[in-house]
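Start counting the sequence shown at 1; every next residue gets the next number (my numbering).
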Amino acid sequence: MQVSPIVCRRAAARLAAGATVAGAAVLALSVPAFAHVTVQPEGAAAKGGYAVVDFKVPNERDDASTTKVEVNLPTDHPLASVMAQPLPGWNVRLTRTRLAEPVTVHGDKIDQAVTKVTWTADGKGIEPGYFQKFPLSVGALPDDTDQLVFKALQTYSDNKVVRWIEVPQAGQAEPQSPAPVLQLTAAADEHGTAGAHAASGDDTPDAQKENTAAASGSGGGSDTTARVLGLAGIVVGAAGVAYGVLAGRRRTV
């Protein structure tokens, strides 16, 4: 049976259309997730210490600007000290809240803490194709957890809000709107520095006595050596003089 050319062309068009749809679906699945709000320390964020952390907020839209950023600080591990750095083009407000239950942080009892920091643009904000870092000085960092979760809200100029509040779980795929997570490093070893100083003999009285004794011992050895060499020089000199005298007498005789 002979197939009409028109039927062939229609079948080819349907196949091409199906391939286009399938290719678009694969492309959509392979496109990486948009950048999201993250938090990173400037240097180390050691347990029990203080750190400056930067909240990096990218603009994921091409038709609106980011005009407000809200970062919620954890209340299960409250931070006694939170300070914001002034940013040109942004107004910052710290919200302090009384805690439901006071907590003890490094020996200090805390019944209220900063629980939210809000940056509001007084200009264009974060325009499409740009990002902005929002720094905070925080501490003291808790020593009984490995991470701090900061849930964040990103508001655009068209009043749409992106909620970065999903907590990532170990062993699971990253959520669609993950909350910024600050990883904490091990606490600094306070004995390491002291041990280094003691080894150098700079700090403790005992170490200073040992260093003084060692210095005295080496100085005494140097003095003894000098005395021996000096005595040997005198003996050699005297022998030379005696030889000269004897030689002169022989010539006279």
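All residues carry an ideal CB built from backbone N, CA and C; glycine is no exception.
Output the distance between the C-alpha atoms of G129 and G107, rounded to the nearest integer angstrom.
Those two C-alpha atoms are separated by around 46 Å.
Counting only the same chain and skipping the five closest in sequence on each side, list residues whose C-beta sits under 8 Å from that of V161.
If we look at V161 and ignore the five residues flanking it on each side, its Cβ neighbours are L153, Q154, T155.
Which first and last residues belong to the beta strand (DSSP E) in which G49 is found?
Unbroken run through G49: none, as it is neither H nor E.
Cβ pair count under 8 Å reaching 3, the region 38-51 against the region 96-103
The answer is no - the region 96-103 does not touch the region 38-51, with fewer than three Cβ pairs under 8 Å.
Rounded separation between D111 and P142 - CA only:
Using only the alpha carbons, I get a separation of about 16 Å.
In the DSSP assignment, what residue or residues form a beta bridge with G139?
Bridge partners of G139: S81.
Counting pairs of Cβ atoms below 8 Å between the region 82-92 and the region 57-67, do you hit three or more?
Cβ pair count under 8 Å is below three, so no.
Buried versus exposed, by CB contacts within 10 Å (16 or more), F150
Residue burial annotation: F150 is buried, with at least 16 other C-beta atoms found within 10 angstroms of its C-beta.
Going by DSSP, which residues form a beta bridge with N72?
DSSP lists K116, K151 as partners of N72.
Would you list the one or two residues that DSSP bridges to D108?
As a beta-bridge residue in DSSP terms, D108 pairs with V105.
Excluding sequence positions up to five away, which residues of its chain have a Cβ less than 7 Å from the Cβ of F131?
Excluding residues within five positions, the ones whose Cβ falls inside 7 Å are K56, V57, P58, N59.
Report all residues from its chain with a CB closer than 6 Å to the CB of S137; omit the five preceding and five following residues, and keep chain order.
The beta carbon of S137 sits closer than 6 Å to the beta carbons of V52, M83 from its chain, once the five residues preceding and following it are set aside; these are given in chain order.
So what's K56 in DSSP terms, helix, strand or just coil?
Strand, per DSSP.
G221 burial status per 10 Å Cβ neighbour count (16 or more: buried):
At G221, the pLDDT of 48 sits below 50, so the modelled position is not reliable; the number obtained from the coordinates is stated separately. Under this definition G221 is an exposed residue.
Is it right to say E174 is buried, meaning 16 or more other beta carbons lie within 10 angstroms of its own, or is it exposed?
E174 sits exposed, since fewer than 16 C-beta atoms from the chains shown fall within 10 Å of its C-beta.
Between A140 and A113, is the Cβ-Cβ spacing less than 8 Å?
No.
Helix, strand or coil for V167, going by three-state DSSP, please let me know.
Coil.
In chain order, what residues of the same chain lie with their CB nearer than 6 Å to the CB of N91, ignoring the 5 residues before and after it?
Shown here for N91: same chain residues with a beta carbon closer than 6 Å to its own, the five before and five after excluded, namely T120, D122 in chain order.
For E70, which residues of its own chain have a beta-carbon under 7 Å away from its beta-carbon, when the five flanking residues on both sides are left out?
These residues qualify, in order along the chain: K116, T118, A152, L153.
Thinking C-beta only, is V39 closer than 8 Å to L184?
No, these two residues do not count as a Cβ contact at 8 Å.
Quick one: is G125 buried, meaning 16 or more other Cβ sit within 10 Å of its Cβ, or exposed?
Burial call: buried.
Reducing DSSP to helix, strand and coil, say where V161 ends up.
Strand at V161.
On a Cα-Cα basis, can you pick out the residue from V37, P178, R163 that is closest to A170?
For the options V37, P178, R163, the alpha carbon positioned closest to that of A170 is the one of P178.
Nearest residue (CA-CA) to P78, options E127, T97, S65, A35
Comparing Cα-Cα distances from P78 to each of E127, T97, S65, A35, the minimum goes to T97.
Residue nearest to K68 in terms of C-alpha spacing, selected from P168, V105, F134
Ranked by Cα distance from K68, the options P168, V105, F134 are led by F134.
Go ahead and label T145 buried or exposed: buried means 16 or more other beta carbons lie within 10 angstroms of its beta carbon, across all protein chains shown.
Looking at its Cβ environment, which holds fewer than 16 other Cβ atoms inside 10 Å, T145 is exposed.
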